[in-house]
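Residue numbers (my numbering): 2 to 294.
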């Protein structure tokens with residue numbers, strides 16, 4: 002994206018229905034020793050460093066080149082914003098930011114009125130105290146799509162651009178969770194991902210603990226504290242869930258399914274299935290059959 006542009010859009014009832022309306026989008030390369038922000042922005046978006054600014058919507062900004070400073074919340078917290086950073090602005094929160102005069106920066110932004118962002122904020126998925134987050138390649142990919150749609154025909158593509166705002170919210174929530182997660186949370190989340198990926202293999206949770214660099218006793222204790230069940234119970238539940246899909250959609254025997262999912266025998270699968278689901282595999286399969294009219 003080499004072209005500087007900014008686009009301002011009206012409220013949109015269709016976009017409001019799914020919880021996110023993009024109302025401004027842009028890309029600007031600020032050269033060293035340039036005036037900031039550019040005068041071409043509307044009065045309600047223009048600001049100077051001394052006064053700062055308060056917006057009435059959310060803004061997601063990707064700094065793809067250069068660096069600068071960001072200050073927010075009662076002129077009390079100043080952070081360095083480097084290339085590869087995401088800055089998230091919240092409605093009603095005072096802030097100010099500017100590129101380093103010697104370096105400049107390249108900014109990409111989208112501004113949204115959004116009940117989805119409101120919900121994420123209430124749930125703690127995004128937080129003004131975590132307004133600067135590391136970017137990932139996924140953020141740059143989403144912004145490339147936003148810029149393409151905006152330059153092609155921004156008003157006609159407003160609904161599509163707004164859904165990309167929701168994609169950014171999902172990425173922001175993920176980044177915020179990673180940034181604030183305790184080591185135990187990260188350990189359990191990594192374990193759950195690996196168990197899901199390997200639930201069809203003869204995986205050992207003891208070996209998994211070793212792979213994660215912790216003792217099995219510590220792994221088992223932390224996993225139970227965070228999820229309410231042991232790693233082995235979680236693995237069984239994943240396998241049973243997969244078994245339900247297979248029984249509902251194929252004619253494979255219990256013995257075949259047991260072999261596919263790493264159970265020691267058909268009897269072992271049947272016993273675990275009965276305990277978890279409340280009926281035998283054959284009864285579950287019978288209940289799942291839908292006869293066509």
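No residue lacks a Cβ here, since even glycine has one placed at the ideal position from N, Cα and C.
Since this is a predicted model, take the numbers as computed values, not measurements.
Among the candidates the options, whose CA atom is the shortest distance from the CA of residue i?
i           : options               : result
residue 1   : 111, 78, 195 and 281  : Here the chain covers residues 2 to 294 and nothing more, so residue 1 does not appear.
residue 284 : 227, 196 and 249      : 249
residue 212 : 195, 202, 222 and 49  : 195
residue 141 : 160, 168, 116 and 50  : 168
residue 133 : 218, 201, 253 and 82  : 82
residue 11  : 26, 98 and 274        : 26
residue 74  : 158, 131 and 258      : 131
residue 261 : 241, 37 and 279       : 241
residue 90  : 59, 98, 234 and 154   : 59
residue 259 : 190, 151 and 269      : 269
residue 246 : 286, 218, 222 and 191 : 286
residue 101 : 80, 118 and 113       : 80
residue 187 : 224, 216 and 50       : 224
residue 273 : 235, 207, 112 and 50  : 235
residue 39  : 279, 78 and 5         : 5
Rounded C-beta distance between residue i and residue j? I'm assuming under 8 Å.
i           : j           : result
residue 23  : residue 166 : 5 Å
residue 61  : residue 110 : 7 Å
residue 33  : residue 56  : About 26 Å; that fails the 8 Å criterion.
residue 238 : residue 201 : Actually they do not touch by this definition, with Cβ atoms about 14 Å apart.
residue 105 : residue 35  : 6 Å
residue 296 : residue 129 : Outside the shown range of the chain, which is 2 to 294, sits residue 296, and nothing can be said about it.
residue 97  : residue 48  : 7 Å
Rounded to whole angstroms, what's the CA-CA distance from residue i to residue j? Just pull it up for me.
i           : j           : result
residue 21  : residue 8   : 17 Å
residue 107 : residue 173 : 20 Å
residue 205 : residue 229 : 20 Å
residue 123 : residue 94  : 15 Å
residue 15  : residue 116 : 13 Å
residue 264 : residue 138 : 39 Å
residue 208 : residue 244 : 24 Å
residue 210 : residue 112 : 43 Å
Name the DSSP bridge partner or partners of residue i?
i           : result
residue 107 : 30 and 66
residue 57  : In the DSSP output, where bridge partners are listed per residue, residue 57 has none listed.
residue 22  : 114
residue 8   : 26
residue 97  : 72
Whose C-beta lies closer than 6 Å to the C-beta of residue i among residues of the same chain, with five residues either side of it excluded?
i           : result
residue 256 : 267
Only counting the same chain, and skipping five residues up and downstream in sequence, which positions put a Cβ closer than 8 Å to that of residue i?
i           : result
residue 226 : 185
residue 135 : 85, 86, 87, 176 and 180
For residue i, collect the residues of the same chain with a Cβ closer than 7 Å to its Cβ; drop the 5 residues on either side in sequence, then sort them by chain order.
i           : result
residue 84  : 64, 65, 66, 67 and 68
residue 18  : none
residue 146 : 165
residue 218 : none
residue 302 : With the chain covering only 2 through 294, there is no way to say anything about residue 302.
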